[in-house]
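If you count the sequence shown from 1, position 297 lands on 296 in numbering that gives the first Met the number 0, and the numbers rise without skipping. We put the beta carbon where it would ideally sit given N, CA and C, even for glycine. Read through the structure below, which is laid out as structure tokens, and then see the notes.
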Amino acid sequence: MTEALPFYIAGAAALLALLPRVKRRLELSRAKHRSLAGHAKMSRRVAKLLPFYEFDVADVFAADDAPPAVVEQRRPAFERLAALYRERYAKTRALTADVQPMLSDLQFTSAYRVPFPFSRHVREHLKAGNFVASSSGVTVTDLDGNVAYDLTGSYGVNVFGYDFYKGCMARGNAQVEALGPVLGSFHPLLADNVKRLCAISGLDEVSFHMSGTEAVMQAVRLARYHTRRSHLVRFCGAYHGWWGDVQPGVGNPVAAEHTYTLKDMHADTLHVLRTRRDIACVLVNPLQALHPNAGAPGDSSLVDGGRRAHFDRAAYADWLRQLREVCTARGIVLIFDEVFVGFRLAPGGAQEYFGVRADMVTYGKTLGGGYPVGVVCGKAALMRRYRDDRPADICFARGTFNSHPHVMAAMNEFLRALDTPEIAALYDGLEERWNARAEKLNMLLAEADLPVRVVNLSSIWTVTYSVPSRYNWMLQYYLRAEGLALSWVGTGRLIFSLNYGDAEFDAVCERFVAAARRMQADGWWWVPEGASNKQVKRRILREMLAERFARRG
């Protein structure tokens, strides 16, 4: 017994040494959201287990066990819609079909417009095409001459209207025509851009990149370099580009080992930030204020009526203030990723809109004046890429096309326009105007007794549904048939440019309600008595399990 005592003591000492580590691990686990989106490694494992299956033609119209009478409403309605698409979009569809086998991007977006059990049948019959010929005002025109009100926002680029960006590009090109594509050296317009961006961001220095993803990569790299810490914190559901460290879950073939995905707007997260010593930076995408802890909504995952969104400006601003306080106390770099929302919420972006200052801000999309761009603005102490006392210790970042003269010129036109009365008028009463417009559309939908509503963060909207239907995703095809242009995520995100006038918005409302009325009349919103979203999800789980067992058999 006496001889074993040292081993017992050593074991107890080892256990005591492990307790703090176990405690930190438990605290980290509590700070993760309970959904799969909050557990990156688990979500990747689950994604690999999900079997593909598809409905045959009969089940496409009866996936919810609708009675024969309802099925016979849906089938001819689908065929009428398919015939309309074939006739209306003939040229656009033909070019899309011609290039799709050679264009991987198009193959991906086409495959993920609707839930996968329906995808093959829908792709075969409801092809609208992916080409447009021109834009004007708030509309786009396809190859067949169909004019549609644009609700795509060009993925966030189009804040002030396409004609505005055409002007930025044309005037900018004229200013740098003499220099052309000279790279490495700078066109003089860059100097004015830097001064304006420092003034807008309230930060000291600027670096230019070719995309928002690149800008985020550099901001995180600099934060790690200067803090000498390894990990970044991102929030559940947030999108920061397709770089591996900020997309640790589904979509990334390699696990991100230095990323913590934590709960948005939660005290457990603040506790982790206060207590861990390995966190270099916190990334905030202000768009998450519309749907905290949930991924970007898309119709490919719209399997029931469970999509939810809610925006509380005061609550989110308070959360950002708490983050600011903790990051300051712990020496953590607070990064606002404003690639998407920058200049859409206010001339000074989300910093101005929410009243909170970041240590670094990334911009992109609209800032390029119509061209691709990424920008990092930051405090001087964080932007330096080398150490004076360690000449070989550098934080490298370059790109051949960074600061391209034509991009700098279009950006300069964009930044100068922010000071004009015309653009100031678009910002005047911005939030009240777009909130009132969302309320108006919701009122029209309620008056028509339609199970659809919209939720907005200024001019960024998402569509929610009040029925647990497996066919809510069909609305996107009725909306397109009514002349509303949507991005490939369908009703998950509608992005209005700020130059929409009242008459143009009223036309969108009229078409939106008409589309929903037709969808309702065609039987897609029939649901069994007592149905719930939970029941729909359980049924889908049974379908998947049946498919896995069938494959094993």
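Alpha carbon to alpha carbon, how far is residue i from residue j?
| i | j | result |
| --- | --- | --- |
| K533 | P527 | 13 Å |
| G250 | G294 | 13 Å |
| A61 | G522 | 11 Å |
| W275 | T268 | For the sequence presented, residue 275 should be read as Arg rather than Trp. Distance between the alpha carbons of R275 and T268: 11 Å. |
| L429 | V454 | 16 Å |
| R541 | P50 | 12 Å |
| A530 | M518 | 19 Å |
| L286 | V340 | 7 Å |
| R29 | T138 | 47 Å |
| L182 | V156 | 25 Å |
| H309 | A502 | 27 Å |
| R551 | T490 | 37 Å |
| G348 | Y499 | 20 Å |
| S458 | K22 | 43 Å |
| G166 | A357 | 32 Å |
| V59 | L80 | 15 Å |
| A266 | A255 | 24 Å |
| P450 | D64 | 20 Å |
| A36 | T399 | 35 Å |
| L544 | F107 | 25 Å |
| S135 | G144 | 13 Å |
| A513 | A127 | 19 Å |
| R492 | G236 | 15 Å |
| M382 | I199 | 17 Å |
| N401 | L261 | 33 Å |
| G179 | P404 | 7 Å |
| C326 | F117 | 46 Å |
| R220 | V205 | 15 Å |
| P187 | G152 | 31 Å |
| A218 | V271 | 22 Å |
| H38 | S184 | 45 Å |
| G201 | K47 | 45 Å |
| L425 | M168 | 20 Å |
| D141 | T95 | 12 Å |
Return the residue from the list the options that minimises the CA-CA distance to residue i.
| i | options | result |
| --- | --- | --- |
| H225 | T151, P67, D387, G240 | D387 |
| E446 | V253, A515, L540, F504 | A515 |
| L196 | L366, R24, A127 | L366 |
| R73 | V56, Y84, R87 | V56 |
| V406 | E324, M442, G369, A437 | G369 |
| R547 | E53, L25, S42, A173 | E53 |
| A89 | H124, H120, G236, R538 | H124 |
| R307 | P291, W487, S299 | P291 |
| I334 | M359, R320, P346 | M359 |
| M442 | L497, R397, F511, S496 | F511 |
| W242 | R228, R227, T258 | T258 |
| A288 | A222, E438, W460 | W460 |
| D203 | E324, V193, A222 | V193 |
| P66 | L322, W525, R20, P100 | W525 |
| E509 | A218, L478, A82 | L478 |
| N172 | A391, P252, M410, A520 | M410 |
| S496 | F342, L102, D263, R320 | F342 |
| G211 | T361, H32, L440, S486 | T361 |
| W487 | R33, L27, D104, R537 | D104 |
| R436 | Q246, S109, V507, Y238 | V507 |
Quick one: is residue i buried, meaning 16 or more other Cβ sit within 10 Å of its Cβ, or exposed?
| i | result |
| --- | --- |
| G330 | exposed |
| M216 | buried |
| E337 | buried |
| I494 | buried |
| Y604 | Outside the displayed span of the chain (0 to 552) sits residue 604, for which this structure offers no information. |
| Y148 | buried |
| G553 | Only positions 0 to 552 of the chain appear in the structure, and residue 553 is not among them; the question remains open. |
| Y154 | exposed |
| Y25 | Sequence check: residue 25 is Leu here, not Tyr. Flag for L25 reads exposed. |
| V98 | exposed |
| Y385 | exposed |
| F207 | buried |
| E213 | buried |
What does DSSP give as the partner residues of residue i in its beta bridges?
| i | result |
| --- | --- |
| F234 | L261 |
| L333 | V281 |
| V21 | Per DSSP, none; premise fails for V21. |
| R389 | R386 |
| E204 | G377 |
| G553 | With the chain covering only 0 through 552, there is no way to say anything about residue 553. |
For this session: Decide yes or no for the touch test of the stretch 376-395 against the stretch 338-353: beta carbon pairs closer than 8 Å, at least 3 of them.
Result: No, the stretch 376-395 does not touch the stretch 338-353.
Problem set entry | Stretch pair the stretch 275-285 + the stretch 226-236: three plus CB contacts closer than 8 Å | Because the criterion of three Cβ pairs below 8 Å is met, the stretch 275-285 and the stretch 226-236 touch.
Problem set entry | Cβ contact check for the stretch 155-167 and the stretch 110-122: 3 or more pairs under 8 Å | A contact between stretches requires three or more CB pairs, one per stretch, nearer than 8 Å, and the stretch 155-167 fails this requirement with the stretch 110-122.
Problem set entry | the stretch 478-488 contacting the stretch 313-323, beta-carbon criterion three pairs below 8 Å | Of all C-beta pairs linking the stretch 478-488 to the stretch 313-323, fewer than three are shorter than 8 Å, placing the two stretches out of contact.
Exercise. Are the stretch 421-441 and the stretch 461-469 in contact at 8 Å, needing three or more beta carbon pairs?
Worked result: Output reads no: the stretch 461-469 does not touch the stretch 421-441.
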